[in-house]
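Take a look at the structure set out below.
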Ligand code: ADP
Ligand code: ZN
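Residue numbers (my numbering): 4 to 724.
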């Protein structure tokens, strides 16, 4: 090729033509450096026929500067990038950026300097150095990363290096990963498990696109089953991608993986160190990384030989990305498997309604694991009607639940209380004047965190110390906490059961892999009697002595009236219930509610999942909601309210008139102020037959907005705030 078209990493430009100089060889997918004005940019050589753009005269083409020493992005990945950009109405270069992961990795090779503590114990230390020494115990990273981890300046660490407290270590950037062994510790599968595993193994051997929905109750051994398919892929020298909904779950997964295959898998997530990121990317692109485990960003990496994709806890909402490219990793994983001609397994105990529907339609092959492994039974469910048996004044746990917790404590068993609310109280107000503490940047109350003695916004991170006096009326000692968060529940347990050992499990307390693994170890070794946690503890964990789960407020998730509220509540409560009685001792679940008659609660009480799904499906069909119809949102935002409102009105003013789509709004979004930006929203409901994306593109493309206005399109939205 002497003349190529590049996808360049520049928001505005997108695609540009270049000349390939004599002696340089490129192919589609090659990563190259090209001149752009006075600068140099990274680009990917792309098939030109797929990209519209004006032809540039031969004589005006500038030559490429360099081909980077990395394998070209494979065709299947290029098609995936195009598909994703097209489907989610996103710029192609934004999608492509997710495939690159790390600019540094493109050059590869060589070594890099990291630093670690030397172990020298100095006699006197400045407070900053002392804090850094504490924070950096066992860490090794670049100066910049260490500075971030220890919250000190790079200067402090450089000083520590020159006084011998930190030492440099040369790190080989491309050192290979240890090899996973497919038969390191293969389990004896039950007959049901074996039948499921055999299907997956056969699909890996055969190759070709084959989507599975692995629908197995909590504790049925879904992981063990798909591990057999992973083992087969490793044996066949194919790569595997396992997507988990959040990084917090990887710690637990790593242990199980290592126990099964002898070595940990290759990790990919947003908080990797730059050296780890580089090493992982190069191993992935060369086909040497056997199994990659990651959050959704691992989906777009350039695997050389992808032979299997697993999406675990596939119903999880966190697979949907809500900024930048607003894609759903669960859905894109299936598309990727199609382009790669590989099997994909969506595993869940509570599949998304959309996935169930596709299984029913025969698009996905459904594989069931209806029983818990090893004869463990599903927990018994009790509904606690808070209207009939209320907690004592100022408390949140009903007497019947407290009795059960006490009984567990006496028997040496564990209890788990679930409330999906971080902090101490969701709202703080002044007893004297009624002042409520609100975030200045968001339409949200500030949440009190007693552990850190701060009021914090859970949307933008804005924080302030809990004040002594009311900022409005100046009265002292007058602030009242309204409603419970997990910290308040933990306090209540402490008062009721002073002898119990309580662990608070939220993203505030379990905010590093080390803390998560300490928590898991403590729970496994029976050092904890009561766990009080948010959704962080609803999935993945297997604590044999945990026999009681209390759902503090089952109605919480039903507020807000989002179209998936019922389904999401059901999934969350079923998942947390699934933590109880996973081994020999049977489990019980107490669900506190003010609406025992709500369909979700009735379905949980009777264990009639199918009836719940059927009723949900019916309601969605009536509302033309997914999977029967489709939604899209257009979110218009600006720091200037009038500017945002006018832009939204301008969009609304030229709304297309199409038979199969219905447009609502513009209206202020429920979260009308978010991170200092005023937000307006249009919602589009479409029949499945409508060409939704094409219509939206035609609608928005001709419009121009002031610089401060951002217009985001959200296809198949999960968040309606
Ligand atoms: P799920 O993901 O379906 O909730 P897991 O895969 O976590 O279930 O399995 C639950 C527990 O049972 C785990 O501790 C797992 O190691 C164990 N287990 C499941 N199947 C087997 C098996 N065939 N042999 C030994 N242990 C098993
Ligand atoms: Zn805020």
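In this text, a Cβ means the ideal position worked out from N, Cα and C, and glycines have one as well.
Extent of the continuous beta strand (DSSP E) to which residue 688 belongs: 680-690
Any non-hydrogen atom of the ligand ZN within 8 Å of residue 464 CB: yes
Complete beta strand (DSSP E) runs within the stretch 29-73 (minimum length 3 residues, chain order): 34-39, 42-49
Three-state secondary structure assigned by DSSP to residue 630: coil
Residue interval of the alpha helix (DSSP H) (run including residue 130): 130-138
Span of the beta strand (DSSP E) around residue 250: Premise fails: residue 250 is in no beta strand (DSSP E) and is neither H nor E.
Buried or exposed by the 16-neighbour rule on C-beta atoms within 10 Å, applied to residue 104: buried
Environment of the ligand ADP in chain order, Cβ to heavy atom below 6 Å: 190, 191, 192, 193, 196, 219, 221, 222, 223, 224, 225, 226, 227, 376, 545
Inter-residue CB distance, residue 310 and residue 207 (contact presumed, cutoff 8 Å): 6 Å
Nearest-angstrom beta carbon gap, residue 441 and residue 449 [assumed within contact, 8 Å]: 7 Å
Any non-hydrogen atom of the ligand ZN within 8 Å of residue 444 CB: yes
Cβ-heavy atom distance, residue 447 to the ligand ZN, below 8 Å: yes
Residue interval of the beta strand (DSSP E) (run including residue 171): 169-175
Residue 473 beta carbon near the ligand ZN (any heavy atom closer than 8 Å): no
Terminal residues of the beta strand (DSSP E) in which residue 271 lies: 269-271
Boundaries (first-last residue) of the alpha helix (DSSP H) holding residue 408: 402-414
Whole-angstrom distance between residue 683 and residue 662, CA atom to CA atom: 24 Å
Rounded straight-line distance, which links the Cα of residue 697 to that of residue 40: 33 Å
Neighbourhood of residue 298 by C-beta, 6 Å cutoff - its chain only, sequence neighbours within 5 removed: 250, 272
Residue 202: first and last residue of the uninterrupted beta strand (DSSP E) it sits in: Not the beta strand (DSSP E): residue 202 falls in the alpha helix (DSSP H), residues 194-209.
Any 3 or more C-beta pairs closer than 8 Å across the stretch 329-346 and the stretch 86-98: yes
Delimiting residues of the beta strand (DSSP E) encompassing residue 431: 430-433
Any non-hydrogen atom of the ligand ZN within 8 Å of residue 678 CB: yes
Straight-line gap, residue 622 to residue 567 (C-alpha atoms, nearest Å): 11 Å
beta-carbon residue 485 near the ligand ZN non-hydrogen atom, thresh 8 Å: no
Enclosing beta strand (DSSP E) for residue 468 [first to last residue]: 466-468
Pairwise C-alpha distance: residue 482 and residue 183: 56 Å
Min CB distance residue 455 to chain C below 9 Å: Among the chains in the structure shown there is no chain C, since it carries only a single protein chain.
Status (buried if at least 16 other CB within 10 Å, exposed otherwise) for residue 53: Because the pLDDT at residue 53 is just 46, under 50, the model does not fix this residue reliably, and the value given afterwards should be weighed accordingly. The residue in question, residue 53, is exposed, as its Cβ has fewer than 16 Cβ neighbours within 10 Å.
Which residues DSSP lists as bridging residue 219, in chain order: 372
Alpha helix (DSSP H) segment containing residue 421, residue limits: Careful: residue 421 lies outside any alpha helix (DSSP H), inside the beta strand (DSSP E) at 417-421.
Length-filtered (4 minimum) alpha helix (DSSP H) runs lying within the stretch 104-132: none
Start and end residues, alpha helix (DSSP H) containing residue 228: 225-238
Cβ separation of residue 594 and residue 557, assumed to be a contact under 8 Å, to the nearest whole Å: 5 Å
Anticipated Cβ contact below 8 Å, residue 169 with residue 120, distance rounded: 6 Å
Beta-bridge pairing of residue 448 - partner residues as DSSP gives them: 441
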